[in-house]
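In our numbering, the protein residues as written are 2 to 212.
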């Protein structure tokens with residue numbers, strides 16, 4: 002297959018994988034639209050505030066796997082048989098497409114989550130060192146501040162530094178890391194405003210659900 006056609010194909014596949022909205026479906030199982038409560042998005046953090054730990058864990062795992070699995074399939078099954086394809090770039094490309102699908106699912110009028118679980122899982126599958134740095138950053142920041150949004154923004158910004166450190170000279174991969182970071186921070190722009198004015202919710206705060 003022509004490399005450009007291959008890249009276009011994996012973008013489509015990645016996007017549709019990302020459209021599997023675990024938080025939305027779990028909300029529907031609980032007879033609510035999760036996007037109508039809390040922060041208004043379908044990610045694991047909002048599910049935690051609205052529906053509790055078990056539902057949040059299920060959402061996190063689902064959102065992570067839809068980024069993790071496509072990257073691994075490319076890494077170990079598809080790309081080894083395609084020498085003309087930039088395998089590492091392809092892995093990040095399908096992962097970024099999954100994040101886009103998660104954030105902008107077509108069947109939910111393009112209103113989804115913020116893509117942090119999916120982004121972190123993509124990086125873990127791509128290079129476990131970057132994934133572990135992101136995880137450690139997130140845990141430390143949230144433990145110290147109790148702000149999930151701050152941890153999410155900082156772990157995403159860290160992708161750029163880690164890609165530069167672990168894959169020096171790879172401008173293509175660095176550009177993809179910048180895209181992941183910029184997009185995650187952009188999706189958190191409302192959270193950043195609340196952080197600056199001191200009104201951002203901390204982890205553990207609950208939202209009342211009226212069924």
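Glycine residues also receive a C-beta, built at the ideal position from the N, C-alpha and C atoms.
Rounded separation between residue i and residue j - CA only
i, j, result
"residue 106", "residue 82", "31 Å"
"residue 32", "residue 26", "10 Å"
"residue 60", "residue 110", "20 Å"
"residue 199", "residue 146", "12 Å"
"residue 73", "residue 126", "6 Å"
"residue 10", "residue 170", "27 Å"
Chain-order list of residues whose beta-carbon lies under 8 Å from that of residue i (same chain, five-residue window excluded)
i, result
"residue 7", "83, 86 and 91"
"residue 186", "154, 157, 158 and 193"
Range covered by the alpha helix (DSSP H) that runs through residue i
i, result
"residue 187", "172 to 188"
"residue 64", "54 to 74"
"residue 32", "From DSSP, residue 32 is part of no alpha helix (DSSP H); its letter is neither H nor E."
"residue 106", "Taken as a continuous stretch (DSSP letters only), residue 106 belongs to no alpha helix (DSSP H), as it is neither H nor E."
Contacting residues, own chain, Cβ-Cβ under 6 Å from residue i (five flanking each side not counted)
i, result
"residue 18", "67, 71 and 99"
"residue 177", "93"
Residues of its chain near residue i, where Cβ-Cβ distance is below 7 Å and the 5 sequence neighbours each way are ignored
i, result
"residue 192", "150 and 201"
Interface flag, residue i vs chain D, CB-CB below 9 Å
i, result
"residue 47", "In summary, chain D is missing from the structure at hand, where a single protein chain is found."
For residue j and residue i, believed in contact at Cβ under 8 Å, the rounded distance
i, j, result
"residue 21", "residue 53", "In fact, because the Cβ distance is near 21 Å, the residues do not count as touching under 8 Å."
"residue 174", "residue 164", "6 Å"
Evaluate contact between the segment 40 to 53 and the segment 130 to 137, counting only Cβ atoms and requiring at least three cross-stretch pairs below 8 Å. no
Check whether the segment 108 to 126 and the segment 64 to 74 are in contact - that is, three or more C-beta pairs closer than 8 Å. yes
Within the chosen definition, does the segment 136 to 149 reach the segment 101 to 115 through at least 3 CB pairs nearer than 8 Å? no
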